[in-house]
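Protein chains in written order, with the working numbering: chain R, 160 to 412; chain S, 228 to 574.
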């Protein structure tokens with residue numbers, strides 16, 4: 160069964176079809192890219208999968224379970240974690256606390272435990288902190304666990320977003336332009352990180368502008384233009400597709 | 228110096244402060260401070276009660292980032308709720324039900340406030356900023372008009388007198404008979420509620436609230452059910468303020484709608500901003516300072532509003548984290564000095 164299946168997805172912003180009859184599916188363990196020129200509907204698609212927007216029509220399935228129209232928090236509980244194009248961190252609290260909030264869906268402490276701190280609360284908190292430290296080590300932010308999130312550099316903030324997403328033990332990780340604003344060295348280590356994330360058995364869906372970055376790490380790519388799918392295939396296939404070249408570079412006549 | 232962890236120092240200092248505060252009435256009795264000034268007993272009880280209310284507001288505003296200009300409405304529910312449940316000639320007594328002991332009615336009143344808080348949160352969870360302010364102001368007005376216009380139940384604007392004093396195991400906690408017992412009762416409630424607050428904000432639930440304050444969108448993406456957590460926050464906040472209202476009613480012995488006007492809600496907010504929101508001591512400090520300013524400058528009548536308006540403005544401009552933030556700044560600077568001395572290289 161496919162990890163994620165998108166079927167005839169359409170969203171209509173009062174007359175403007177930002178995404179029009181889009182279908183694709185992502186296999187388990189794949190790194191899948193969603194690309195297209197500005198305004199092609201990549202982020203809109205992304206938002207419909209994660210639960211920010213409700214599609215006008217069409218269906219989305221996560222491992223066979225229908226998820227379109229869910230709220231973001233429900234999808235997070237089902238195993239979808241995401242990052243944001245414009246960084247959305249919890250700015251005024253520490254990095255460790257950011258990751259602990261990331262684990263929200265996987266912790267069980269309810270109101271009673273929260274107020275009265277029974278022994279099981281301490282057990283769970285200890286485990287959660289340990290796990291948070293492991294994740295920070297995984298993305299390379301271990302030394303910074305006590306600093307305030309807004310004190311991080313731009314590249315580090317992007318890493319923290321990924322770390323926070325990983326904290327919810329996702330089966331599907333959605334990355335919205337993770338390389339935006341990064342320098343070449345940072346991009347390289349990001350590519351490395353994404354590959355290591357996949358090695359953990361997490362499927363990755365990537366929206367990205369940076370062609371070199373996408374071509375380098377994805378297995379398959381879906382190309383959008385004006386809300387419609389114009390190509391789907393391996394990076395090499397997509398690069399050779401005349402429609403894609405036209406969308407990006409314009410018609411050569 | 229690892230044998231005393233920072234956590235233990237905090238716990239220890241909290242216990243020491245609590246002990247010192249508990250000594251205040253004793254010292255007054257022995258003429259060490261304030262010379263048995265009876266008015267002062269009422270004042271320190273009021274500070275305790277306002278501390279509870281402001282701490283409750285802090286859960287909603289300081290931790291969840293949701294503003295309320297209507298918390299006097301919950302104060303009102305707590306006060307009238309407890310009085311109507313425990314009075315021998317008003318409220319449930321009119322219905323032929325025998326009145327409850329005040330200590331039980333206080334808790335029930337707090338729970339009623341929590342339920343109404345949760346109900347208010349259903350529409351409130353969809354609103355932000357000024358729309359939320361307006362909704363909460365409207366809520367305050369509704370509660371006020373409700374108690375004012377139900378004379379059969381609440382005696383309207385005339386108010387209710389003869390509110391029963393609190394007795395637990397035969398010990399009388401009235402301000403009239405034994406002067407400082409009521410203060411210990413308030414102190415007990417304050418201590419328990421502060422511990423619960425501290426527990427809450429250091430848990431998964433509290434982190435959910437903080438996530439909403441910090442970034443609503445990201446909180447949603449992290450699996451925090453926004454509506455549910457806002458309802459939880461409103462309910463707990465209302466519980467605190469309801470308890471405070473009930474304690475207020477049983478201390479003063481008289482309630483009328485005038486106590487629960489919009490201005491009271493504004494005073495709660497002022498205390499919170501003054502003391503510093505989003506921490507444990509801020510609301511208590513704020514309640515203390517504002518109560519003293521209010522009472523100390525009584526002679527200036529309405530001009531005292533001018534004073535604390537000015538002080539508040541200066542504080543927001545130059546010390547937006549309130550008095551508590553001021554203390555924190557100093558202590559972190561001291562720690563830095565100490566850290567440099569110990570060769571602590573952590574940046």
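C-beta: ideal position from N, C-alpha, C; glycine also. Here the structure is a predicted model, which means the values were calculated and not measured.
Pairwise C-alpha distance: residue 337 of chain R and residue 244 of chain R: Within the first chain, residue 244 of chain R is the residue found at index 85, counting from 1. Within the first chain, residue 337 of chain R is the residue found at index 178, counting from 1. If I take the Cα positions, the gap works out to 7 Å.
Positions along the region 410 to 443 of chain S whose CB lies within less than 7 Å of some CB in chain R: Cβ contacts with chain R come from 423, 426, 427, 430, 431, 432, 433, 434, 435, 437, 438, 441 and 442.
Spatial distance of residue 190 of chain R from residue 295 of chain S (CA atoms): Translated into positions along the first chain, residue 190 of chain R becomes position 31. Translated into positions along the second chain, residue 295 of chain S becomes position 68. Using only the alpha carbons, I get a separation of about 46 Å.
Neighbourhood of residue 385 of chain R by C-beta, 7 Å cutoff - its chain only, sequence neighbours within 5 removed: Start at 1 with the first residue of the first chain, and residue 385 of chain R comes out as number 226. Here the set comprises 199.
Three-state class that DSSP yields for residue 120 of chain R in the structure shown: Residue numbering for chain R in the displayed model covers 160 to 412; residue 120 of chain R lies beyond these limits and cannot be assessed.
Cβ neighbours of residue 412 of chain S in the same chain (closer than 7 Å, five flanking residues each side left out): By one-based count along the second chain, residue 412 of chain S stands at place 185. Closer than 7 Å at Cβ, skipping near neighbours: 393 and 400.
Chain S contact for residue 207 of chain R (CB, 7 Å cutoff): Within the first chain, residue 207 of chain R is the residue found at index 48, counting from 1. For residue 207 of chain R, the answer is no, since every Cβ of chain S falls outside 7 Å of its Cβ.
Limits of the unbroken beta strand (DSSP E) element including residue 322 of chain S: Your numbering for residue 322 of chain S matches position 95 in the second chain. Looking at the DSSP string, residue 322 of chain S is not in any beta strand (DSSP E), and its letter there is neither H nor E.
Top-ranked residue by Cα proximity to residue 499 of chain S, from S/552, S/333, S/235 and S/362: Taking the first residue of the second chain as position 1, residue 499 of chain S is located at position 272. Residue S/552 is the option with its Cα nearest to residue 499 of chain S.
Residue 163 of chain R beta carbon less than 7 Å from that of residue 237 of chain R: Residue 237 of chain R sits at position 78 when you count from the first residue of the first chain. Residue 163 of chain R sits at position 4 when you count from the first residue of the first chain. Cβ distance not < 7 Å, so residue 237 of chain R and residue 163 of chain R don't count as in contact.
Residue ranges of each alpha helix (DSSP H) within the region 301 to 381 of chain R, 4 or longer: 313 to 325, 343 to 358 and 370 to 376
For residue 201 of chain R and residue 194 of chain R, believed in contact at Cβ under 8 Å, the rounded distance: Within the first chain, the letter at position 35 stands for residue 194 of chain R. Within the first chain, the letter at position 42 stands for residue 201 of chain R. Right, their Cβ atoms sit about 7 Å apart.
Unbroken stretches of the beta strand (DSSP E), 3 residues or longer, contained in the region 174 to 206 of chain R: 175 to 185 and 190 to 194
With 16 other Cβ atoms within 10 Å as the buried cut-off, status of residue 388 of chain R: Within the first chain, numbered from 1, the residue matching residue 388 of chain R stands at position 229. Result: buried.
Beta-carbon gap between residue 502 of chain S and residue 437 of chain S smaller than 7 Å: Within the second chain, residue 502 of chain S is the residue found at index 275, counting from 1. Within the second chain, residue 437 of chain S is the residue found at index 210, counting from 1. Cβ distance not < 7 Å, so residue 502 of chain S and residue 437 of chain S don't count as in contact.
Span separating the alpha-carbon of residue 228 of chain S from that of residue 240 of chain S: For the purposes of this step, residue 228 of chain S is taken as residue 1 along the second chain, with counting starting at 1. For the purposes of this step, residue 240 of chain S is taken as residue 13 along the second chain, with counting starting at 1. In this predicted model, residue 228 of chain S has a pLDDT of only 43, less than 50, meaning its place in the structure is not dependable enough to derive any value.
DSSP state of residue 228 of chain S mapped onto helix, strand, coil: On the second chain, residue 228 of chain S is found 1 positions in, with the first residue counted as 1. Any reading at residue 228 of chain S is ruled out, since the residue's pLDDT is 43, under 50, leaving its predicted position unreliable.
Cβ-based burial, residue 243 of chain S [other Cβ within 10 Å; buried from 16]: Stepping through the second chain from its first residue, residue 243 of chain S is reached at position 16. That one is exposed.
Whether residue 285 of chain S touches residue 484 of chain S by CB criterion (7 Å): As a working note, residue 285 of chain S is residue 58 in the second chain. As a working note, residue 484 of chain S is residue 257 in the second chain. Not a contact, by the Cβ cut-off of 7 Å.
Proximal residues to residue 303 of chain R (C-beta, below 8 Å), its chain only, five neighbours per side dropped: Position 144 of the first chain holds residue 303 of chain R. Cβ neighbours of residue 303 of chain R beyond the five flanking positions: 254, 295, 311 and 315.
Cβ-Cβ distance between residue 283 of chain S and residue 492 of chain S below 7 Å: Locating residue 283 of chain S in the second chain gives position 56, where the first residue counts as 1. Locating residue 492 of chain S in the second chain gives position 265, where the first residue counts as 1. Not closer than 7 Å, so no.
Neighbouring residues, chain S, relative to residue 222 of chain R (Cβ below 7 Å): As a first step, residue 222 of chain R must be located in the first chain, where it is residue number 63. The premise fails here: residue 222 of chain R is roughly 18 Å from chain S at the closest Cβ pair, so nothing lies under 7 Å.
Interface partners of residue 283 of chain S on chain R, CB under 7 Å: Counting from one through the second chain, the residue named residue 283 of chain S turns up at place 56. Correct list: empty, because the minimum Cβ distance to chain R is about 14 Å.
Contacting positions in the region 451 to 481 of chain S - beta carbon closer than 8 Å to chain R: 451, 452, 453 and 459
Residue 300 of chain R versus residue 394 of chain R - alpha carbon distance: Here the question's residue 300 of chain R lines up with position 141 in the first chain. Here the question's residue 394 of chain R lines up with position 235 in the first chain. Distance between the alpha carbons of residue 300 of chain R and residue 394 of chain R: 31 Å.
Helix, strand or coil at residue 342 of chain S according to DSSP, with G and I counted as helix: For this step, residue 342 of chain S is matched to residue 115 along the second chain. Of the three classes helix, strand and coil, the one that applies to residue 342 of chain S here is helix, per DSSP.
Residue ranges of each alpha helix (DSSP H) within the region 425 to 482 of chain S, 4 or longer: Taken in chain order, the complete alpha helix (DSSP H) segments of 4 or more residues contained in the region 425 to 482 of chain S are 431 to 441, 443 to 448 and 453 to 479.
Where residue 260 of chain R meets chain S, residues with beta-carbon distance less than 8 Å: The sequence position of residue 260 of chain R within the first chain is 101, counting from 1. What residue 260 of chain R touches in chain S: 434, 435, 437, 438, 446, 449 and 451.
Any chain S beta carbon closer than 7 Å to residue 266 of chain R: Counting from one through the first chain, the residue named residue 266 of chain R turns up at place 107. It does: the Cβ of residue 266 of chain R has a partner Cβ on chain S nearer than 7 Å.
Span of the alpha helix (DSSP H), counted from its first residue to its last, around residue 284 of chain R: Along the first chain, one-based indexing puts residue 284 of chain R at 125. Note, residue 284 of chain R: alpha helix (DSSP H), 278 to 298.
Min CB distance residue 263 of chain R to chain S below 7 Å: The residue labelled residue 263 of chain R in the question sits at position 104 within the first chain. By this cut-off, residue 263 of chain R is an interface position.
Cβ neighbours of residue 315 of chain S in the same chain (closer than 6 Å, five flanking residues each side left out): Translated into the one-based positions of the second chain, residue 315 of chain S becomes position 88. Taken in chain order, the residues that qualify are 326.
Where residue 349 of chain R falls, given that 16 or more other Cβ within 10 Å makes a residue buried: Numbered from its first residue, the first chain carries residue 349 of chain R at position 190. Buried, by the Cβ-count rule.
Proximity below 7 Å, CB of residue 231 of chain R to CB of residue 447 of chain S: Here residue 231 of chain R refers to the residue found at position 72 of the first chain. Here residue 447 of chain S refers to the residue found at position 220 of the second chain. Taking 7 Å as the Cβ cut-off, residue 231 of chain R and residue 447 of chain S qualify as a contacting pair.
Three-state secondary structure assigned by DSSP to residue 235 of chain S: For this step, residue 235 of chain S is matched to residue 8 along the second chain. In this structure, residue 235 of chain S counts as helix in the three-state DSSP scheme.
Proximity of residue 247 of chain R and residue 442 of chain S at Cβ, strictly below 7 Å: Position 88 of the first chain, counting from 1, holds the residue named residue 247 of chain R. Position 215 of the second chain, counting from 1, holds the residue named residue 442 of chain S. Yes, Cβ-Cβ distance for residue 247 of chain R and residue 442 of chain S is below 7 Å.
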